[in-house]
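275 is the number that full-length UniProt numbering gives to position 275 of the first sequence; each next residue is one higher, with no gaps. This report refers to the structure that appears directly beneath it.
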Amino acid sequence: MHGASAPDPTGAGRSREAPARAVGAPSPSGVARTDEIAAHAESVEAVIAWFAEAGRDLPWRREGVSAWAILVSEVMLQQTPVVRVLPRWQEWMQRWPAPSDLADAPTAEVLRCWDRLGYPRRALRLQECARVIVREHGGRVPRGEQALRALPGVGEYTAAAVTAFAHGERALVVDTNIRRVLARSVRGHALPDRSYSAAERAVAAASLPLSREQSTAWNQAVMELGALVCTARAPRCQQCPLAGGGCAWFAAGRPAATEDTRRRQPFEGTDRQMRGMIMALLRRDGSAAQEQLMGLDADDPERVRRGIRTLAADGLAVRDGAHLRLP
DNA sequence: AAGTCGGGGGC
DNA sequence: GCCCCAGACTT
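Set out below in structure tokens:
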């Protein structure tokens, strides 16, 4: 989207790298060049047009969906793919359409309804979030990123997403999809930096269109482009609206990522897996005897005890005599 | 800046 | 089997 920017495959030129600039946006170094502005404006139009044609009809994007429903979708989508969120979100919104509904629900039911979306602390935080909204905001999702970020489970991304998608305001939305699209199209990198860097933020900020309408459309469209076309594994550049000069990575011949030393997290045999097994039992039966739980890993009883202890500490489970049960 | 925290589908 | 997914929170 920023055809004039030079690819920097090594990432070594981080400090010298000129951030892309939004249309007419003031830049740290002064003024955006006219051709850069024009090139970016063209990319913005192309990506938004692509979205209108190819974007998915996801239920939380439909007209009239409440801010609360959108907030719920964003929390569920934190590290969980869209296809798995869809059925849970539908059921969730039918059951607890407003913050006050969720605030009054039994926590055990909330955790059961979360099912296997993963990271069940999100469900706990979401209920606490509903209670805070009821208690401090009259039952309405607050406006403004600062107020949103004060809610449990709402971080930088979710606050921006709710501001943009629910409230229709200009906000710097940067998720894993947008990071990847901008890393490729603007910076010419195969992948984003290991952690969300200042350089990435600068690129995202400079790329965000200035008008309210265009900024929200851009956020939605770039995110979708990353999800459907500019994917992590096998990007479908043939279908990309930026392949015709709007993508620095494509223009450079799609250079491979420089040695990715990213730590990959194991799963088999971890406490995390144990917590998951215990929660699965509790969702199914409501409670489980200590003895039954120990059977989850007879070779490593300490691992089971850690699972029980940390789940209880997180408020995801409650010790009840010789049993463990949902809160 | 790095660790922790679930779970499943695609390759 | 490995990788990745609309991140948040703690240390």
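For each residue, glycine too, the CB sits at the ideal point set by N, CA and C.
- Where A289 is concerned, there is no enclosing alpha helix (DSSP H), although the beta strand (DSSP E) around it starts and stops at 287 to 289.
- Secondary structure at H167: coil, using DSSP grouped into helix, strand and coil.
- For V173, there is no enclosing beta strand (DSSP E), as DSSP gives it neither H nor E.
- Per DSSP, V154 lies in no beta strand (DSSP E) and is assigned neither H nor E.
- For V110, same chain residues with a beta-carbon under 6 Å away, outside a window of 5 residues either side, are A123, Q127 in chain order.
- With respect to the C-alpha of P81, the residue from L281, Y119, S100 having the closest C-alpha is Y119.
- Here V134 is actually not in contact with S185; their C-beta atoms are around 42 Å apart, not less than 8 Å.
- Per DSSP, the unbroken beta strand (DSSP E) holding V318 starts and ends at 318 to 320.
- The residue among A183, R275, G245 with its C-alpha nearest the C-alpha of A257 is A183.
- The beta-carbon distance between I37 and A221, rounded to whole angstroms, is 19 Å. This is too long to meet the 8 Å contact definition.
- The Cβ-Cβ distance between R179 and E200 falls below 8 Å.
- In the displayed model, L191 falls within coil according to three-state DSSP, outside both helix and strand.
- Under DSSP, L324 shares a beta bridge with A288, R319.
- A straight line joining the alpha-carbon of G315 with that of P266 spans about 25 Å.
- For T34, the uninterrupted alpha helix (DSSP H) segment begins and ends at 34 to 54.
- Under the three-state reduction of DSSP, W249 is assigned to helix.
- When W60, A206, G269 are compared, the shortest CA-CA separation from D297 is found for G269.
- Unbroken alpha helix (DSSP H) stretches of 4 residues or longer found wholly inside the region 200 to 245: 212 to 228, given in chain order.
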